[in-house]
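J.: Right, I'll just put the structure down here and ask away after.
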Amino acid sequence: MSLPWVQTKLGKYATDYLNKEFGTKLSIEKVEITIFGNIKLKNVVSKDINNINLFTIKDLKTSIASYVDFKKLIDQGHPYFDFINADELELHILQNKGEKQSNLDQFIDAFDDGKPGSGKFRMLVQSINITNSKFTYTDYNLQTPKVLNLKNLNAKLIDFKIKGSDVTTNINSLVFDDHRGLKIKRLISKFTYTKTNIILDELDLKTAHSTLKGKIKLNYTIKD
Numbered sequence: 002m003s004l005p006w007v008q009t010k011l012g013k014y015a016t017d018y019l020n021k022e023f024g025t026k027l028s029i030e031k032v033e034i035t036i037f038g039n040i041k042l043k044n045v046v047s048k049d050i051n052n053i054n055l056f057t058i059k060d061l062k063t064s065i066a067s068y069v070d071f072k073k074l075i076d077q078g079h080p081y082f083d084f085i086n087a088d089e090l091e092l093h094i095l096q097n098k099g100e101k102q103s104n105l106d107q108f109i110d111a112f113d114d115g116k117p118g119s120g121k122f123r124m125l126v127q128s129i130n131i132t133n134s135k136f137t138y139t140d141y142n143l144q145t146p147k148v149l150n151l152k153n154l155n156a157k158l159i160d161f162k163i164k165g166s167d168v169t170t171n172i173n174s175l176v177f178d179d180h181r182g183l184k185i186k187r188l189i190s191k192f193t194y195t196k197t198n199i200i201l202d203e204l205d206l207k208t209a210h211s212t213l214k215g216k217i218k219l220n221y222t223i224k225d
């Protein structure tokens with residue numbers, strides 16, 4: 002287990018399993034497992050169905066909560082982590098002309114068995130720390146395709162959960178610079194994403210010139 006090539010091979014086994022089971026395109030350049038149970042991943046890449054990068058992570062550090070949870074990751078695709086530290090994460094959400102789903106929607110669908118609220122994929126992370134990251138959202142069905150282009154993104158998330166296609170987390174801290182010149186100095190919220198809505202509950206938002214507190218709920222319908 003201590004040999005680097007053995008550790009990287011174990012990482013490849015895990016990604017091969019997820020790719021085969023869920024139809025994803027995940028790859029990891031290098032895996033390092035410390036004697037304390039921490040796992041370091043180098044250059045993590047997930048491509049969408051058009052072979053375009055959905056997300057990349059230069060450096061990722063995590064820890065499997067226990068041996069039982071490691072077995073869940075390998076045998077059932079149910080990863081439970083104590084923490085994830087991601088540096089230089091780049092997430093690129095893209096919706097092509099004429100398509101009704103983004104590449105992120107397609108990625109989430111890969112982990113959903115079609116049963117509302119009970120998709121077969123489970124993921125739990127007690128805490129996530131994101132640094133020096135970027136996020137883009139481009140929709141070529143719109144007159145102005147560039148919807149979001151966030152840089153200098155740093156975030157701290159607590160109790161991050163995925164159940165099928167549903168995502169929930171507590172955003173303890175989120176800061177970023179928008180391509181329009183907007184600088185978010187603080188964003189705190191209870192976040193929920195489902196196939197029918199996005200909710201920012203108990204929102205506390207601060208920019209250089211304003212503050213906003215309350216709740217935001219966006220309802221929508223994803224059609225086949």
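The sequence shown begins at 2 in the numbering used here and counts up one residue at a time.
Every residue, glycine too, gets a C-beta built ideally from N, C-alpha and C.
From a predicted model like this one, the values you see are computed outputs, not experimental measurements.
Between the beta-carbon of N20 and the beta-carbon of E30, is there less than 7 Å?
T.: Going by C-beta atoms, N20 is not nearer than 7 Å to E30.
J.: Let me make sure I understand the geometry here. Which of D110, S211 and A87 has the alpha-carbon closest to that of N133?
T.: Measuring from the Cα of N133, the nearest candidate turns out to be A87.
J.: Taking only the alpha-carbon atoms, compute the straight-line gap between K184 and A209 and give it to the nearest angstrom.
T.: Taking the straight line joining both Cα atoms gives about 7 Å.
J.: Under 8 Å: do the segment 151 to 159 and the segment 169 to 178 share three or more Cβ pairs, one atom per stretch?
T.: Because the criterion of three Cβ pairs below 8 Å is met, the segment 151 to 159 and the segment 169 to 178 touch.
J.: What does E22 pair with, by DSSP beta-bridge criteria?
T.: Answer by DSSP bridge pairing: none, since E22 is not bridged.
J.: Between the segment 139 to 146 and the segment 92 to 100, can you find at least three pairs of beta-carbon atoms closer than 8 Å?
T.: With the cut-off at 8 Å, the segment 92 to 100 and the segment 139 to 146 touch.
J.: Straight-line CA distance for D167 to I217?
T.: Rounded to whole angstroms, D167 to I217 spans 17 Å at the Cα level.
J.: Can you grab the Cα-Cα spacing for the pair G24 / L213, in whole Å?
T.: Looking at the two C-alpha atoms, the distance is approximately 41 Å.
J.: What separation, rounded to the nearest whole angstrom, lies between the Cα atoms of T170 and E203?
T.: One C-alpha to the other measures close to 12 Å.
J.: Quick check on DSSP: helix, strand or coil for L154?
T.: Strand at L154.
J.: CB-CB under 6 Å to R187, same chain, minus the five flanking residues each way: which ones, in chain order?
T.: Excluding positions up to five away in sequence, the list reads K207.
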